[in-house]
Each structure stands twice: as C-alpha cells, then as structure tokens.
Amino acid sequence: MKIMIVGGGGREHAIAWKLSQSPRVRELVIAPGNAGTAQLGRNVAIKATDLDAQVALAQAERPDLVVVAPDDPLALGLVDRLTAAGVRAWGPSAAAARIEASKALAKEVMRRAGIPTADYTVVDSYEQGERYVRAQGRPLVVKADGLALGKGVIVAETVDETLAALRRMLREGAFGAAGARVVLEERLSGEEISLLGFCDGRTVVPLLPSQDHKRLLDGDRGPNTGGMGAYAPVSRVDRRLAEQLTATILQPAVDALREMGTPFVGVLYAGLMLTAEGPRVLEFNARFGDPETQALLPLLESDLLEIMLASLEAGLHPDLVRWHADAAVCVVLAAQGYPEQPRRGDAIALPEALPEQTLLFHAGTARQNGQLVTAGGRVLNAVGLGETFATARARAYALAERIHFAGKQMRYDIGARELAR
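Using this note's numbering, the first residue of the sequence shown is number 38, and each one after it goes up by one.
Written as structure tokens, this is what we have:
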C-alpha cells in the first residue's frame, strides 16, 4: 500500500517509522515532513493546514490511505475533505475532533457522559471571568477554548495571576480566536497521566499509559510547551487501573460522541490527573500525543497499519494491539528561544552512529546546502529503550548528550517520578 502522512513533527516521524515496518507498506509520502521522514519516504513541502493543497496532493498521488496526524488539520476538517474527494483517510471528522478543538465542548461531553473532571465555568468576557474568579477567591487554571499549539493553558499560582492570564486572552488576544472564549477550571493536585486509545467509532482499545512533561524547565517550572519529554509505561497505572480508566473515561467519551452523531475514529487521548479523590480528566485530544507517540510506538509489537485499517472498518479488538515488555523514554531537544520565539537555522551535529537501543525522531529539522539545521521549536527526540525504566532513561540521555546545536534546551528530569518509584 501507498501511505500519505500529513504533518511534519516528531510524532509524524515516529508514525512513518512504525508504518515503514509493515510488510503491507510499499511507499510513504509525507507532507510536509522533516529531515528525518525524508529518510523513510518522499517529503512534499505542503503545510498541514493547507487543506486545498493537501487534498490536491492526495488526488495526484492516489494513496491507499492518508493518515492525518496533527490537531489543526483535523479540526479544520481535512478528513472530511479527503473522504468527500474519494480518498480514504484515517482520523476523526471535524465534528468529532471538536472534543479537542473546543475545551468547552469537551467539558459538555464529560458532563453528559458522567466522566470525572474538574469543576469549571466558561466565560466570553473579562468582566464575566473576573466576577467568577473573585467569587472563587482562589487561583484557577485558565484555558483558551480553541487550539493553541499546546500552550493555551495557564496554571495560575495566585488570584492575580489568574486575572492576568484571563486579561491576556480575552482583552489582549494572546491566543487570537482560540482564546476568545475561556474555560476557568479548579486546580487539581496529583500526577498527570496520558491514556490514549485506538477507536473505531464504537470500540476503544487503550495504548500503554504514558506521562508527558509539559513545562519547559526541570521541576515542572517555566512556561507550558508542546511537551519536553515522555515515557511509557507508567508503573503507577497497572493493568487493573488502565482497564478502569478505559471503562470510565475513554469508552463513555466514545459512546457520547457516537450518540451525538459524531462517531470518533482514530486515536482519542485523555490527559488525566490522578488525584487523592480519584482520576479526573484534564483534557481530551483527538490524535496521537506528541511526544507520547515517540515513546509509545517503539513499544508497539503489532502492525500499526493493521490497527488503522481495522479502526476504519469497525473491526477493532484488543487482540490486535500487542506490546513489548520493555520501557521507553523520550527526551525532547528544543531550539533556543522555545517556546516563545524559537531560533531557526542553527547547525546540528549528530553522532555518526546511534548508541545501542536508541532511536532518533526528527521534529523541527531541515537540510540547507547539505547541512542539518534547526527549523522549529522542538527539534529532535532522543529515545532510549530497555528492559528496565532506568536503563531506557540512561540510554535516552546518553543519546541526547551526544547531539549538539547552539542554544539546545532540554530537561534533565524526564521520568524522575518513575525513577523514584
């Protein structure tokens, strides 16, 4: 089969790498791709959000399947456009993807389905929000309703910080249209977990539990980012808890979306907080996480293409999704200035050969005159594998330390909680 992948980040490189292992895949086309995906297939320089050009490319290339990976083209309706053009596409429709594209809608789905989540309100004006914040008398989480590259969530430490975040979104337009509506939510305490599930509209089969590290700096300090590293599995979520989370969170969400007339096909991602009172949903995403995917797919024993085809044909079942017993750790290397103003064009020096049991997934990379250079905020993903978590982590950091470019940023505490356990 000829497969087209939409996107150009670390997640898309990991998806291309995994799909390339399928005996049923003969050719990969990635749009726009990066310097890493170019080693696995043919890149085509089209933005993921240029829906007209993506549809035209699919019609010209005639792939057997298009995998739409990033959030923006899903929310904009690329799967719907491709389907209408007679091209088979994997991912949720725009209506189903609204569970990520609108945090207010996601809250409504959770309320309707009885899914445990934080108390909240939705506001459209600063004055309305200020009244709510002052009535609460405590710091809150301020969330832009729409998509904001993973950076539209501000966890305030004080009431004044809450109001400042509200002001930035609703009065100063910090996130544009995405922040024109805001969800104000109670702060939860506990450990964050990512639980993703393959979905075929009715059935959901969970992936291994993973953990992302969203803040830029060690100790969960600094601004929110798209994610600075991840690992899987998470020992705190054993098989019994994973089954419980699937039954009480993922499956009710899939059922609710189907009942709303928007069946969900693809990967549904639940960002969870394990609180003292039990699990609570922080957010839903309508696609593979980034960087969780870079840690999860190397552990997937099954053929990813077979899983995708089964989900399109309403044929998912747990036996299709098998895992290696190892651990994986992903450390993100980011450009200078990330996340506010990442610098581009810095030369990247890679080791001549990768250390044992490591993988390198490209994200913001490009080639200029034969030289590998930075071309985005999150540049590379160093992944270590091992029979134990500690071994996988040591291998990931050994690779990360051997990669050099000016202004390189990375966290040194990815998986610190798991290591302590």
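All C-beta atoms in this analysis are idealised placements derived from N, C-alpha and C, irrespective of residue type, glycine included.
Fair warning: this is a prediction, and the values are worked out from it, not measured in the lab.
Going by beta carbon distance, what residues of the same chain come within less than 7 Å of residue i, once the five residues before and after it are set aside?
i	result
alanine 90	Ile83
serine 57	Leu65 and Leu77
glycine 315	Pro153
alanine 307	Leu232, Ile286, Leu287, Val318 and Phe321
For residue i, write down the residues that DSSP places opposite it in a beta bridge.
i	result
alanine 364	Gly423
methionine 206	Methionine 206 is not bridged to any residue.
threonine 411	Thr402
tyrosine 268	Gln248 and Val366
threonine 158	Leu221
valine 124	The partner list for valine 124 (beta bridge, DSSP) is empty, contrary to what the question assumes.
glutamate 320	Gly308
proline 44	The amino acid occupying residue 44 in the given sequence is glycine; proline does not appear at that position. For glycine 44, which the question treats as bridged, DSSP gives the partners Pro69.
isoleucine 152	Note: isoleucine 152 sits in no beta bridge, so no partner.
valine 192	Val178
valine 105	Val43
leucine 254	Arg258
With a CB to CB cut of under 6 Å and the five nearest residues on each side skipped, what residues in its chain are close to residue i?
i	result
methionine 265	His250, Val369 and Arg448
aspartate 161	Arg218
glutamate 223	Ala155 and Asp156
threonine 299	Ala132 and Ala133
alanine 429	Ala364, Ala365, Val366, Gly421, Leu422 and Gly423
lysine 144	Tyr157
valine 270	Strictly speaking, residue 270 in this sequence is proline, with valine absent from that position. Hits under 6 Å: Leu245 and Pro246.
alanine 185	Phe212 and Ala215
Assuming the contact rule is C-beta atoms closer than 8 Å, residue i and residue j should be a hit. Round their C-beta distance to whole Å, please.
i	j	result
valine 192	valine 170	About 14 Å; that fails the 8 Å criterion.
leucine 244	leucine 311	About 17 Å separates the two Cβ atoms, so there is no contact after all.
glycine 45	glycine 70	5 Å
glycine 73	histidine 50	4 Å
leucine 305	alanine 323	7 Å
glutamate 455	serine 272	6 Å
valine 43	valine 81	Contact flag wrong, Cβ pair sits at about 10 Å.
leucine 221	glycine 303	Incorrect: roughly 29 Å between the Cβ atoms, too far for contact.
lysine 371	glutamine 248	This sequence places alanine at residue 371; lysine is not what is there. Their Cβ separation, rounded to whole angstroms, is 18 Å, which puts alanine 371 and glutamine 248 out of contact at 8 Å.
Helix, strand or coil for residue i? Go by DSSP, reduced to three states.
i	result
serine 231	strand
serine 247	strand
proline 110	helix
proline 355	helix
lysine 445	coil
aspartate 197	helix
isoleucine 286	helix
glutamate 64	strand
leucine 342	helix
valine 81	coil
glycine 259	strand
methionine 147	helix
alanine 313	coil
isoleucine 52	helix
isoleucine 136	helix
valine 291	helix
glutamate 393	coil
aspartate 89	helix
tyrosine 169	helix
leucine 336	helix
glutamate 377	coil
aspartate 237	strand
alanine 347	helix
leucine 184	coil
glycine 326	coil
leucine 387	coil
valine 453	The amino acid occupying residue 453 in the given sequence is alanine; valine does not appear at that position. Of the three classes helix, strand and coil, the one that applies to alanine 453 here is helix, per DSSP.
alanine 437	helix
alanine 371	strand
glutamate 416	It should be pointed out that residue 416 corresponds to valine in this sequence rather than to glutamate. Three-state result, valine 416: strand.
valine 242	strand
glycine 382	coil
glycine 303	strand
arginine 273	coil
alanine 211	coil
glutamine 331	helix
Is residue i close to the ligand NAP? I mean its beta-carbon at under 6 Å from any heavy atom of the ligand.
i	result
glycine 414	In the structure on display, the ligand NAP does not appear, and there are no ligands present to speak of.
Give every residue of the same chain whose Cβ lies closer than 8 Å to the Cβ of residue i, excluding the five residues on either side of it in the sequence, and list them in chain order.
i	result
leucine 113	Thr86, Leu88 and Ala131
So with Cβ pairs under 7 Å, would you call residue i a contact of chain C?
i	result
serine 59	Within the model displayed, chain C is absent; a lone protein chain is all it includes.
| message | Any contact between the stretch 211 to 218 and the stretch 236 to 254? By contact I mean 3 or more CB pairs, one from each, below 8 Å. | response | no
| request: Tell me, please, whether the stretch 247 to 261 touches the stretch 283 to 300 by the rule of three or more beta-carbon pairs shorter than 8 Å. | output: no
| query | If we count Cβ pairs, one from each stretch, closer than 8 Å, do we get three or more for the stretch 412 to 426 versus the stretch 352 to 369? | reply | yes
| field | the stretch 108 to 115 touching the stretch 128 to 144, judged by at least three CB pairs closer than 8 Å | value | yes
| query | With contact counted as at least three CB pairs below 8 Å, one residue from each stretch, are the stretch 376 to 396 and the stretch 434 to 443 in contact? | reply | yes
| query | Within the chosen definition, does the stretch 264 to 280 reach the stretch 111 to 127 through at least 3 CB pairs nearer than 8 Å? | reply | no
| field | Cβ contact (3+ pairs, closer than 8 Å) linking the stretch 124 to 132 and the stretch 340 to 351 | value | yes
| request: Tell me, please, whether the stretch 318 to 334 touches the stretch 352 to 359 by the rule of three or more beta-carbon pairs shorter than 8 Å. | output: no
| said: Does the contact criterion of 3 or more C-beta pairs under 8 Å hold for the stretch 406 to 416 versus the stretch 376 to 385? | reply: yes
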